[in-house]
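J.: I am attaching a structure below and will ask some questions about it afterwards.
There are 2 protein chains.
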Amino acid sequence: MITVSIIGFGNVAQHLAAAFYESPEISLLQLFSRNSNPSSILPFEVEIIHNFEELKKADLYIIATSDGAISEISEKLSFENQLVAHTSGSVSMNDLSGKNRKAVFYPLQTFSKNKKLDFKNVPICLECESETDYHLLEKIAKSISHKVFPITSEQRKSLHVSAVFVNNFTNHLYHIADQICSEQNVSFEILKPLILETADKILTLSPKDAQTGPAKRNDLDTIHSHLEFLGSGNRHNIYQLLTHSIIEDGKKL
Amino acid sequence: MITVSIIGFGNVAQHLAAAFYESPEISLLQLFSRNSNPSSILPFEVEIIHNFEELKKADLYIIATSDGAISEISEKLSFENQLVAHTSGSVSMNDLSGKNRKAVFYPLQTFSKNKKLDFKNVPICLECESETDYHLLEKIAKSISHKVFPITSEQRKSLHVSAVFVNNFTNHLYHIADQICSEQNVSFEILKPLILETADKILTLSPKDAQTGPAKRNDLDTIHSHLEFLGSGNRHNIYQLLTHSIIEDGKKL
């Protein structure tokens, strides 16, 4: 049985731990929580520790903490030459301490506290220093997900930036729409089927082919009327810049 | 049986026609196509006409054409005092000719040529001049959708602008991510589960509560590193403006 321990107690750590707990190929050994009185009650049983010295020998240690803490924690580990991975999209593999074998185990998904996810569909991006370690990492990743990819640090950076566009920025556009609707006493519910279909469409069409709307049609009357409706401020500037970008892209075809 | 005829032969017209065809409460009388040799082959049987004079008496005529053609077509209709609706998000109800009873029948969804949609989940926004007409319109809309709303022209405008944000602009963000990935030889497939989950999340969380990422955390190191990665141009400017907008929103809390 392959043994895994997780350092961290946030959303990613808890979702990963739950996935490993359910995997018949993995034994989840320990979960490290900085806080000796963690508020979350885990829906599964695992030993929770609060001192790095208590970490038992495991085939893989996963540091699933905030980006800023990764390097320091990797230095604090009291053992050597073990396989230690972090889960960050933006931290370089080489930020890990050189005293252990470095790796990255980056699950590319947005994790919420109270929303269960099917980990089988979460893409896991792997990176490490040797082929032997890659085989082990891959085996561990495939035990919880159908979607496992070897990804270099540079590629991971492009994925992380892309994730900011398709998750953080997209969600902010939803937020702007929510605000516009509420100002006119219109229920945001009306937009939800459109939001779901917009995402669903790219499963069968490339985003380029799925593009529609006034900017794509270069429908200046509608664009001007929308800009007037939005007044000044961030929303107006966002509408203008994204419209400009869609129109420019159209010219490149 | 309530009778409906549709003027137009584009995506919206064809999806609407298919939905009415399947509704047991509606008799779809005629479909008007400007083009006497339309390229689409409809997956159901209906009389297709090419002259307005051939339009038979119906309880509702729906003009489902491009925005620019609505007013002119409504003028060309040879009958009077009938119920005539358009399907546009941005055209005012009063752009319809006054010789018939004006209405709006706006299905808020993105329609693709080759992708079947469950019309039951498409929100339909209704507007008309009298209560009697509203009852009829509502009955017709409810025969094809579970989601029917009375919406004023001003509210419809806010919905249309919002739809541009959550559909057109969101899709453009997907496109930018697709480009970034392909430049680094990373498969866009890796981002699809994140895209779907981002949309799915707002079914249970408000967009405000669902917001995560470097801008939300005011993580300036990551933001600067991403901006540097993006170089100059539209992508850089979009990243900067949306980040700025998320940070400003955070300050308002």
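For the protein sequence lines, the chains are A and B, in the order given. For the first sequence, the numbering used here gives the first residue as 1, with consecutive numbering after it. For the second sequence, the numbering used here gives the first residue as 1001, with consecutive numbering after it. Every residue gets a Cβ at the ideal spot worked out from N, C-alpha and C, and that includes glycine. Since the model is a prediction, treat every value here as computed from it, not as a measurement.
Between the segment 72 to 92 of chain A and the segment 39 to 46 of chain A, do three or more beta carbon pairs fall short of 8 Å?
T.: no
J.: Label A/H226 either buried or exposed according to how many other C-beta atoms from any shown protein chain fall within 10 Å of its C-beta, with 16 as the threshold for buried.
T.: Counting from one through the first sequence, the residue named residue 226 of chain A turns up at place 226. Burial call: buried.
J.: At which residue ranges does the segment 195 to 244 of chain A contain complete alpha helix (DSSP H) runs of 4 or more residues, listed in the order of the chain?
T.: 207 to 210, 214 to 217 and 220 to 230
J.: Buried or exposed for A/N167, going by 16 or more other Cβ atoms inside 10 Å?
T.: Residue mapping note: residue 167 of chain A aligns to position 167 of the first sequence, counting from 1. Result: buried.
J.: When you compare the CB of B/T1087 with every CB in chain A, is at least one pair closer than 7 Å?
T.: Position 87 of the second sequence, counted from the start, is the residue given in the question as residue 1087 of chain B. Not one chain A Cβ lies under 7 Å of B/T1087.
J.: Determine, for B/P1150, whether the minimum Cβ-Cβ distance to residues of chain A falls below 7 Å.
T.: Here residue 1150 of chain B refers to the residue found at position 150 of the second sequence. With 7 Å as the cut-off, B/P1150 does not count as an interface residue toward chain A.
J.: Run through chain A and tell me which residues come within less than 7 Å of B/F1169, C-beta to C-beta.
T.: For the purposes of this step, residue 1169 of chain B is taken as the residue at position 169 of the second sequence. Under the 7 Å cutoff, chain A gives L173 and L242.
J.: Considering only C-alpha positions, which residue in the set A/L191, A/K147, A/V164 and A/L28 is nearest to B/H1160?
T.: To locate residue 1160 of chain B, count along the second sequence from 1; it is residue 160. For B/H1160, the nearest C-alpha among the options comes from A/L191.
J.: What residues from the segment 1009 to 1042 of chain B come within 8 Å of chain A, judged by C-beta to C-beta, listed N to C?
T.: none
J.: Going by CA-CA distance only, name the one from B/V1122, B/A1085 and B/P1207 that's closest to A/C181.
T.: Looking up residue 181 of chain A in the first sequence gives position 181. That would be B/P1207, whose Cα lies nearest to the Cα of A/C181.
J.: Check whether the Cβ atoms of A/L83 and B/A1199 sit closer than 7 Å, and answer yes or no.
T.: Counted from its first residue, the first sequence places residue 83 of chain A at position 83. Counted from its first residue, the second sequence places residue 1199 of chain B at position 199. Result no, Cβ atoms of A/L83 and B/A1199 do not sit closer than 7 Å.
J.: Would you verify that the beta carbon of B/N1234 is, or is not, closer than 7 Å to some beta carbon of chain A?
T.: For the purposes of this step, residue 1234 of chain B is taken as residue 234 along the second sequence, with counting starting at 1. Yes, contact with chain A.
J.: Just to confirm the assignment: which complete alpha helix (DSSP H) runs, minimum length 4, are found wholly within the segment 67 to 105 of chain A?
T.: 70 to 76
J.: Assign A/P150 to one of three DSSP states: helix, strand, or coil.
T.: Here residue 150 of chain A refers to the residue found at position 150 of the first sequence. Looking at A/P150 - three-state DSSP - the assignment turns out to be strand.
J.: With contact counted as at least three CB pairs below 8 Å, one residue from each stretch, are the segment 138 to 152 of chain A and the segment 120 to 127 of chain A in contact?
T.: yes
J.: Would you say A/H50 reaches chain B, if we count a Cβ-Cβ gap shorter than 7 Å as a contact?
T.: Counted from its first residue, the first sequence places residue 50 of chain A at position 50. No, no contact with chain B.
J.: Can you tell me which of A/I6, A/E25 and A/P24 puts its alpha carbon nearest to the alpha carbon of A/L16?
T.: Position 16 of the first sequence, counted from the start, is the residue given in the question as residue 16 of chain A. For the residues A/I6, A/E25 and A/P24, the minimum Cα distance to A/L16 belongs to A/I6.
J.: Could you tell me the boundaries of the alpha helix (DSSP H) in which A/V12 lies?
T.: Here residue 12 of chain A refers to the residue found at position 12 when the first sequence is read from its first residue. Unbroken alpha helix (DSSP H) run through A/V12: N11 to E22.
J.: Straight-line CA distance for A/F229 to B/C1128?
T.: For the purposes of this step, residue 229 of chain A is taken as residue 229 along the first sequence, with counting starting at 1. For the purposes of this step, residue 1128 of chain B is taken as residue 128 along the second sequence, with counting starting at 1. So the two alpha carbons sit approximately 23 Å from each other.
J.: For A/T204, which residues in chain B fall below 8 Å Cβ to Cβ?
T.: Counting from one through the first sequence, the residue named residue 204 of chain A turns up at place 204. Result: K1115.
J.: Can you say whether A/P150 is buried or exposed, counting buried as having 16 or more other CB atoms within 10 angstroms of its CB?
T.: One-based indexing of the first sequence puts residue 150 of chain A at position 150. A/P150 comes out exposed.
J.: Quick one: Cα of A/I2 to Cα of A/S27, how far?
T.: Position 2 of the first sequence holds residue 2 of chain A. Position 27 of the first sequence holds residue 27 of chain A. Taking the straight line joining both Cα atoms gives about 6 Å.
J.: DSSP three-state call for A/L29: helix, strand or coil?
T.: Walking along the first sequence from the start, residue 29 of chain A turns up at place 29. Three-state DSSP puts A/L29 in a strand.
J.: Output the residue ranges of the alpha helix (DSSP H) runs that lie fully inside the segment 1131 to 1182 of chain B and measure 4 residues or longer, sorted by chain position.
T.: 1131 to 1142 and 1153 to 1163
J.: Considering only C-alpha positions, which residue in the set A/Y61, A/S158 and A/S232 is nearest to A/V4?
T.: Against the first sequence, residue 4 of chain A aligns to sequence position 4. Taking only the C-alpha atoms, the option nearest A/V4 is A/Y61.
J.: Answer yes or no: do A/E80 and A/K99 have a C-beta to C-beta separation smaller than 7 Å?
T.: Along the first sequence, read from residue 1 onward, the residue named residue 80 of chain A stands at position 80. Along the first sequence, read from residue 1 onward, the residue named residue 99 of chain A stands at position 99. Going by C-beta atoms, A/E80 is nearer than 7 Å to A/K99.
J.: Cβ closer than 8 Å: which chain B residues qualify as neighbours of A/K192?
T.: Along the first sequence, one-based indexing puts residue 192 of chain A at 192. Simply I1202 and L1203.
J.: For a test of the three-state rule: what should DSSP assign to A/L117, helix, strand or coil?
T.: To locate residue 117 of chain A, count along the first sequence from 1; it is residue 117. Three-state DSSP puts A/L117 in coil, outside helix and strand.
J.: Assign A/L55 to one of three DSSP states: helix, strand, or coil.
T.: Your numbering for residue 55 of chain A matches position 55 in the first sequence. A/L55 falls in the coil class under three-state DSSP.
J.: Going by beta-carbon coordinates alone, are A/V164 and A/T87 separated by less than 7 Å?
T.: Your numbering for residue 164 of chain A matches position 164 in the first sequence. Your numbering for residue 87 of chain A matches position 87 in the first sequence. With contacts defined by Cβ atoms closer than 7 Å, A/V164 and A/T87 do not form a contacting pair.
J.: Go through its chain and collect everything with a Cβ distance to B/G1010's Cβ below 8 Å, but skip five positions before and after it.
T.: Along the second sequence, read from residue 1 onward, the residue named residue 1010 of chain B stands at position 10. Excluding its 5 nearest sequence neighbours in each direction, B/G1010 has C-beta neighbours in its own chain below 8 Å: A1064, T1065 and S1066, listed in chain order.
J.: Quick check: the Cα distance between B/D1209 and A/N171, rounded to an integer number of angstroms?
T.: Here residue 1209 of chain B corresponds to residue number 209 of the second sequence, with the count starting at 1. Here residue 171 of chain A corresponds to residue number 171 of the first sequence, with the count starting at 1. Taking the straight line from one Cα to the other gives about 10 Å.
J.: Between the Cα of B/N1114 and those of A/I246, A/L42, A/L205 and A/Q14, spot the shortest distance and give me the residue it belongs to.
T.: As a working note, residue 1114 of chain B is residue 114 in the second sequence. Looking at the Cα atoms, A/L205 is the closest of the given residues.
J.: Of all the options B/T1152, B/S1130, B/L1126 and B/S1153, which has the alpha carbon lying nearest to the alpha carbon of B/I1140?
T.: For the purposes of this step, residue 1140 of chain B is taken as the residue at position 140 of the second sequence. For the residues B/T1152, B/S1130, B/L1126 and B/S1153, the minimum Cα distance to B/I1140 belongs to B/L1126.
J.: Just to confirm the assignment, what range does the beta strand (DSSP E) spanning B/L1126 have?
T.: As a position in the second sequence, residue 1126 of chain B is number 126, starting the count at 1. Where B/L1126 is concerned, the enclosing beta strand (DSSP E) stretches over I1124 to C1128.
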